[in-house]
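**Student:** Numbering of the sequence shown is given in my numbering, commencing with residue 8 and proceeding in unit increments.
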Amino acid sequence: MRIIRYMNGNEKKLAVVTEENQAVDLPYADFMSLVATARSNDKTVFDIVKQLSLTGEGKAIDSLVLTTPIDAPEVWASGVTYKKSKEARNYEATQGKLDRETFYDKVYDAERPEIFFKSTAARTVGPNDPVYLRSDSNWQIPEPELGLVLDKEGNVLGYTVGNDMSCRDIEGENPLYLPQAKMWKNSCSIGPAILLKEAVKDPYELQIICRIFRNEEKVFEGSAHVNQLKRTLDELVQYLVRDNEVFDGTVLLTGTCVVPPNEFTLQDQDQIEIEIPGIGVLINPVKQSETAVQVN
Numbered sequence: 008m009r010i011i012r013y014m015n016g017n018e019k020k021l022a023v024v025t026e027e028n029q030a031v032d033l034p035y036a037d038f039m040s041l042v043a044t045a046r047s048n049d050k051t052v053f054d055i056v057k058q059l060s061l062t063g064e065g066k067a068i069d070s071l072v073l074t075t076p077i078d079a080p081e082v083w084a085s086g087v088t089y090k091k092s093k094e095a096r097n098y099e100a101t102q103g104k105l106d107r108e109t110f111y112d113k114v115y116d117a118e119r120p121e122i123f124f125k126s127t128a129a130r131t132v133g134p135n136d137p138v139y140l141r142s143d144s145n146w147q148i149p150e151p152e153l154g155l156v157l158d159k160e161g162n163v164l165g166y167t168v169g170n171d172m173s174c175r176d177i178e179g180e181n182p183l184y185l186p187q188a189k190m191w192k193n194s195c196s197i198g199p200a201i202l203l204k205e206a207v208k209d210p211y212e213l214q215i216i217c218r219i220f221r222n223e224e225k226v227f228e229g230s231a232h233v234n235q236l237k238r239t240l241d242e243l244v245q246y247l248v249r250d251n252e253v254f255d256g257t258v259l260l261t262g263t264c265v266v267p268p269n270e271f272t273l274q275d276q277d278q279i280e281i282e283i284p285g286i287g288v289l290i291n292p293v294k295q296s297e298t299a300v301q302v303n
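1. I need the boundaries of the beta strand (DSSP E) containing TYR139, first residue and last residue.
2. Could you give the residue range of the alpha helix (DSSP H) that holds THR44?
3. Cα separation between TYR211 and THR127?
4. Give the straight-line distance between the Cα atoms of GLY179 and LEU21, rounded to the nearest whole angstrom.
5. Just to confirm, is the Cβ distance from LYS125 to CYS195 under 8 Å?
6. One question on the structure: do VAL156 and VAL258 come within less than 8 Å of each other, judged by their Cβ atoms?
7. Which residues does DSSP pair with TRP146 in a beta bridge?
8. May I have a chain-ordered list of the alpha helix (DSSP H) segments no shorter than 4 residues that lie completely inside the segment 70-140?
9. Please say whether THR272 and ASN145 have beta carbons closer to each other than 8 Å?
10. Just curious, the alpha helix (DSSP H) that LYS57 is in, first and last residue?
11. Going residue by residue through the segment 213-244, where are the continuous beta strand (DSSP E) segments of at least 3 residues, counting only ones entirely within it?
12. Expressed to the nearest angstrom, what Euclidean distance is found between the alpha-carbon atoms of ALA299 and ALA206?
13. Leaving out five residues on either side along the sequence, give the residues of the same chain with a beta carbon under 8 Å from the beta carbon of GLY256.
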């Protein structure tokens, strides 16, 4: 069972996607209002939606202008949670020499995971919105990730697709540059839906697929499964909420397991497609920042 939001004029409407792939409006202002109703009735969101009389006229999803399924007050992210990510970070840190152990090896094997702040609601875009290229980087990629939608206690409410845009050259130059390598205008996207937790038998069986198109030709495709995670999803959540105030609707991205080749960098007018079957396809065109500068 998937929850989406779409634009109806200047208004955002919440809807559930039926098995027939039709969107039926829900009588709630947003996803967390739906969650609040479930809590007050001591039920799950899945139960509440299932009990509703979905008699409204369905709308074809392709005809809707989708937006982020939730206004996540904060988006956090996890780093070096997959072996593929560790290898890519080591390549950056050693300028491709791979001749020594790095701090990425250490955090991959450490008890404490890497958790970092990624975005706010104002910085996060949704389906078909452009993601921007940072103006002072020459090596940028998407990072396709499974996102966990959390309440303030750290309970997982559902799953979404996330794109953690990253500057490989900035992070590789110095690990203290991580915030600049990860956060800038339109550097995070989520959507197109929230797949309710109760509708997922085993989140580790979810597949993550990334495709990148340039001039309408596919220039990259890769895929992996969440079960390749070094850590558990619960473990990542537990470290996020430890001694921290987490807000209802927070999204935690759980790390990337699909990395384009080292010689690849995104370009203006590319298109990124990140798919998690069962959730949907998150599509974002790529746009060069208007303040672009030449980086030597």
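For every residue, glycine included, the Cβ atom is placed at its ideal position computed from N, Cα and C.
All values reported here derive from a predicted model rather than from experimental measurement.
**Tutor:** Judging by the given coordinates:
1. Following the DSSP letters along the chain, one finds TYR139 inside the beta strand (DSSP E) bounded by residues 138-140.
2. Run containing THR44: 38-47, per the alpha helix (DSSP H) assignment.
3. Take the alpha-carbon of TYR211 and the one of THR127: they are about 27 Å apart.
4. Rounded to the nearest whole angstrom, the C-alpha separation of GLY179 and LEU21 is 41 Å.
5. Yes, they are a contact pair.
6. Less than 8 Å divides the Cβ of VAL156 from the Cβ of VAL258.
7. DSSP lists no partner for TRP146.
8. Here the runs fully enclosed are 90-100, 110-116.
9. Cβ atoms of ASN145 and THR272: closer than 8 Å.
10. In this chain, the alpha helix (DSSP H) harbouring LYS57 covers 52-58.
11. With a minimum length of 3 residues, the continuous beta strand (DSSP E) runs that stay inside the segment 213-244 are 214-221, 224-232.
12. A caution first: ALA299 carries a pLDDT of 49, below 50, which makes its placement in the model too unreliable to give a value.
13. The residues are PHE38, MET39, ILE77, ASP78, ALA79, PRO80, VAL156, LEU157, ASP158.
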